[in-house]
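Numbering (the numbering used here), first residue to last: 67 to 1171.
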């Protein structure tokens, strides 16, 4: 490494020759060894010569932080802010420096300089210059004319004799393509909004009064006195403007597009997925400054040239008269003559670098690459050119080539922080988040207090799902940059992910307060409310998005998804169709629209959309599961269409659909194997291709109206009042109709049983005692469709599943009762794979398991995390009792050692518990048996699995194996018998609430075993509560209240280890809301009123009318 002296000698030579780029490189090297305040100021000056104003400001802030009394950084920073059009901020900085100068000893020369600056600028403060850059002709201070270098660093000084050569003019033509934090063609690492540029690149939006007029060629004249001789620095504003669009932006994220247009001038407010995220694109705001190439003449496309040489000068169609737009009219027509300067190689390189950067700004990436190629042919390891070319490659999405260039720049100059940062961005764009974070962390070593890089790394951490690190980085960012809307936005989303909803909402609102037109802020806020199931506020936010940009496709997609979740499928189709007209290749929109058409019986359009989904080219393999689902759901749509005019009881997915197909559907696997082995559904008939259900199905009768009115009232009782659970009117209607049908069919069964018992009473022993035997509920088959109906399908299973045959009469088992609700659940949302687990193939034999996470990585699952503390406590209690858990291979992990035991008992978090055990593990809760006295059944499994280095999968899983099925089948059969016996005895038909207590308790106990059983691939929670409502109705009890806030009935069953405890926990709120009622008996028969599958679909699809 060169000695400090030789480096400073080289620095002096470079400054004399005005090779500012290389001078900066030398200063980088010097500062890497020791952080001298004066060297920081010297580098700031060099940056100012290249008009890299943002870097000037950063270095000046760093210098002031180290020594607030030093005046030089105040002067330089003020000039940089002024050049960016932020004159008010410049005045504040100069005033602050002036106050320091007056309060303590200071350089008198600089004190007078500050005084003169403040005097001149304050005279111009009241000048109104809309859309025209106001140019000051105040004298240029020495600090801006040449490097301010103290006598402590004599080697760095440029001698006065060398500096005071004959007067000349250095004209720096600037086409004002300065890329700062909020530039349009910025090199972004964001998951938010792509700004579509519709005008001129403006000065930063924080000072909207100072705008660049695209029709003017304004002159910024700085007059510098050097040893009595004059030198003029003229900055010619190029009439060319930067026109950009979202396609010119290099972003990492989810592809939201945003137009930001005001007065024809582009103002990007950090609008840079989604994942919706989501995938929301995100604007880094930091690396959005092509001027940030730490060694490049990047920002303002400075052209040090000879104004007399027309071959090198732009905007000089009339170079005789250069008009200055100033405050007074006489100055407006001032003329200046310009002498030539000699062309050196360094000036030529700087000129070409500037032109290359300008081409990047204008979206002319091929031309930019050509310019950088010329430079690199002369010097293959020139860092600035490598960074510039890499940036152009990145904008063209040639990310691998960009990374190669950034890597070469780093090898050439390891202190080039900009190269580290840009390589980090490119890696993040490729999804290499871990490597990206390493690069951005390295970049922060060179700029520890860089709000931009903290913003970058925070967003990459967010994409990497390291939400805690994201919150830390983004919080640090907003401390340094209080107006960074993007940082507040992603900080809010990260806080939401870790369950800090209050702070999340505050941060998201702060981003909106900073800029009401910030599309990405509204989108993230909408997603936040949607996740919490606050549909009203989510829709309000999306409406704001569309008021800002009515062609913002993601907003229509999100609104469609929200309506879909609310069961309003026709509204969803309308929104999704608008989104697809804007962005026809959006696979999420296409798939969701297909599922909506499917749900409301428009099978022709559904099949068409499913086919389109299968044909779309994927831009990410993350979307491949959607194509898999489209294949399976198209088959389900064809199956349903084939039975649309048949009786609803013939609709039986569990019997009619191949087990292998259902297994692959549930697991979202590639359908290749299914295509080869499974029978495919026939295509739609011509009559069905046109579309919809029969008009007859939608014809409203008095019977239908009465049933639907009652169903809507009963069904809404299933709604959980917990974050994350949207109100879904379609599901409410489904639940109400299913509950009424269950009540009607079970009531008939109980009448049959009661009749049998009366007959049995005639046969008694001589002592008058009735023969004691367990009664088996027996009714005539409800199948109109014979063997294809769901109730008859259960007859084909073995008796181990609780179904028997006796004297040619089918026995209504517990599974028959629940199958009624299952069939309604399947038809109401056909894209959910709701199937009986025992009807799967190999997966059932190996143990098909449901998986319900409370924590996933660092994200706290909004629906289920409220149960976290209880689950953690139960896990520790079980570990205390058993002194062992199971590993992944189902082996035993011994916990009896004292040190492990102590750590487990003191564990407060998943991390603590995992550290104590030392590896992934699971343990099972217990479920006390009623059918087998003293037996403990396996309840649910609590699992803790480490995910990468930033979190855990803490979940409950319920593997359903044949042996477990047999155990729970016996429990459910016993519980069902208990319900029947409780009602069909002395209390049969009673309307005395106190006499029905045993019936209520028996119904709750059967519900308890159902929830611990979890025999469905999904949907067990809602099916269980529907049956509960139906059985209560059949027993003349109607639930008139609502499930209390924060209560999830299925979790109450899972977290209580015996049925009596569950009954006690639920009846405290359930029983007071029950009233004796027989009004349900007046309802028309559901199975007759809605006779066909088509009529059922029509009934459910009118819920949003």
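All C-beta atoms in this analysis are idealised placements derived from N, C-alpha and C, irrespective of residue type, glycine included. Quantities reported herein were computed from a predicted structural model and do not represent experimental measurements.
Secondary structure of residue 993, DSSP reduced to three states: Looking at residue 993 - three-state DSSP - the assignment turns out to be strand.
Look at the alpha carbon of residue 672 and the alpha carbon of residue 657, and state the distance between them as a whole number of angstroms. Those two C-alpha atoms are separated by around 9 Å.
Kindly indicate the opening and closing residues of the alpha helix (DSSP H) around residue 791. No alpha helix (DSSP H) holds residue 791; DSSP gives it neither H nor E.
Need the endpoints of the beta strand (DSSP E) that residue 1023 sits in, please. Residues 1018 to 1026.
Every unbroken alpha helix (DSSP H) inside the segment 873 to 909 [4 residues or more]: For the segment 873 to 909, whole alpha helix (DSSP H) runs of length 4 or above, ordered along the chain, are 880 to 894.
Please check the pair residue 460 and residue 468, which I expect to be a contact at CB under 8 Å, by giving their CB distance rounded to whole angstroms. Right, their Cβ atoms sit about 4 Å apart.
At a threshold of 6 Å, does residue 486 count as lining the ligand FMN (C-beta to nearest heavy atom)? Absence of the ligand FMN is noted for the structure shown, with no ligands found whatsoever.
According to DSSP, which residues form a beta bridge with residue 916? DSSP, once it has assigned bridges, lists 1024 as partnering residue 916.
Would you list the residues sitting across from residue 1007 in a DSSP beta bridge? Paired residues: 990, 1023.
Let me make sure I understand the geometry here. Which of 185, 151, 150 has the alpha-carbon closest to that of residue 160? Looking at the Cα atoms, 185 is the closest of the given residues.
At what residues does the alpha helix (DSSP H) containing residue 1130 begin and finish? From DSSP, the alpha helix (DSSP H) with residue 1130 extends over 1125 to 1136.
Looking at residue 1050 and residue 54, is the spacing between their C-beta atoms short of 7 Å? Within the shown structure, residues of the chain are numbered from 67 to 1171, placing residue 54 beyond reach of any answer.
Straight-line gap, residue 823 to residue 640 (C-alpha atoms, nearest Å): Their Cα atoms are separated by approximately 57 Å.
May I ask which residues mark the beginning and end of the beta strand (DSSP E) holding residue 698? Not the beta strand (DSSP E): residue 698 falls in the alpha helix (DSSP H), residues 690 to 708.
Straight-line CA distance for residue 694 to residue 98? Rounded to the nearest angstrom, the two C-alpha atoms are 54 Å apart.
Which same chain residues end up closer than 8 Å to residue 806 when comparing Cβ atoms and leaving out the 5 residues on each side of it in sequence? Apart from the 5 residues on each side of it in sequence, residue 806 sits with its Cβ closer than 8 Å to the Cβ of 773, 776, 777, 780, 1096, 1099, 1146, 1149, 1152 in its chain, given in chain order.
Chain-order list of residues whose beta-carbon lies under 8 Å from that of residue 744 (same chain, five-residue window excluded): Beyond the five residues adjoining it in sequence on each side, residue 744 comes within less than 8 Å, by CB distance, of 724, 726, 727 in the same chain, given in chain order.
If you drop the 5 nearest sequence neighbours on each side, which residues of the same chain put their C-beta closer than 8 Å to that of residue 590? Answer for residue 590: 258, 346, 555, 556, 558, 559, 574, 577, listed in chain order.
If we ignore side chains and look at the alpha-carbon of each, how far apart do residue 1072 and residue 1079 end up? Rounded to whole angstroms, residue 1072 to residue 1079 spans 10 Å at the Cα level.
Do residue 1107 and residue 891 count as a contact pair if the criterion is CB distance below 7 Å? Contact flag unset, no.
Answer yes if the segment 640 to 654 comes into contact with the segment 1138 to 1145, meaning at least three C-beta pairs across the two stretches below 8 Å, and no otherwise. Contact between the segment 1138 to 1145 and the segment 640 to 654 is absent, because fewer than three Cβ pairs lie under 8 Å.
Would residue 734 pass as a contact of residue 691 if the rule is Cβ separation under 7 Å? Yes, the Cβ-Cβ distance between residue 734 and residue 691 is below 7 Å.
Hey, residue 1045 and residue 1069: beta-carbon distance below 7 Å or not? Cβ distance < 7 Å, so residue 1045 and residue 1069 count as in contact.
Could you tell me how far apart the beta carbons of residue 995 and residue 1003 are, in whole angstroms, since I believe they sit closer than 8 Å? Taking the Cβ atoms as the reference, residue 995 lies roughly 5 Å from residue 1003, within the contact range of under 8 Å.
I'd like to confirm the pairing. Which residues does DSSP put opposite residue 736 in its beta bridges? Paired residue(s): none; residue 736 is not in a bridge.
Assuming the contact rule is C-beta atoms closer than 8 Å, residue 940 and residue 931 should be a hit. Round their C-beta distance to whole Å, please. In this structure residue 940 does not touch residue 931 by the C-beta definition: roughly 15 Å separates them, more than the 8 Å allowed.
Hey, which unbroken runs of the beta strand (DSSP E) at 3 residues or more fall wholly within the segment 613 to 695? Runs of the beta strand (DSSP E) inside the segment 613 to 695: none found.
DSSP on residue 1105, reduced to helix/strand/coil? In the structure shown, the three-state DSSP call for residue 1105 is strand.
Taking all protein chains shown into account, do 16 or more other C-beta atoms lie within 10 angstroms of the C-beta of residue 998, making it buried, or fewer, making it exposed? Residue 998 counts as exposed, since fewer than 16 other beta carbons sit within 10 angstroms of its beta carbon.
Are the CB atoms of residue 592 and residue 612 nearer to each other than 7 Å? Going by C-beta atoms, residue 592 is not nearer than 7 Å to residue 612.
With a 10 Å radius around its C-beta and 16 neighbouring C-beta atoms as the bar for buried, classify residue 736 as buried or exposed. Exposed, because fewer than 16 other Cβ atoms sit within 10 Å of the Cβ of residue 736.
Whose C-alpha, out of 633, 767, 686, 464, is nearest the C-alpha of residue 1167? Closest in alpha carbon position to residue 1167, among 633, 767, 686, 464, is 633.
Straight-line CA distance for residue 483 to residue 614? So the two alpha carbons sit approximately 36 Å from each other.
Once DSSP output is grouped into helix, strand and coil, what is the label at residue 430? When secondary structure is reduced to three states using DSSP, residue 430 falls in the coil class, being assigned neither helix nor strand.
Would you list the residues sitting across from residue 1141 in a DSSP beta bridge? Its beta-bridge partners are 1104.
Under 7 Å between C-beta atoms of residue 1005 and residue 1026: Against a cut-off of 7 Å, the Cβ pair of residue 1026 and residue 1005 comes out as no contact.
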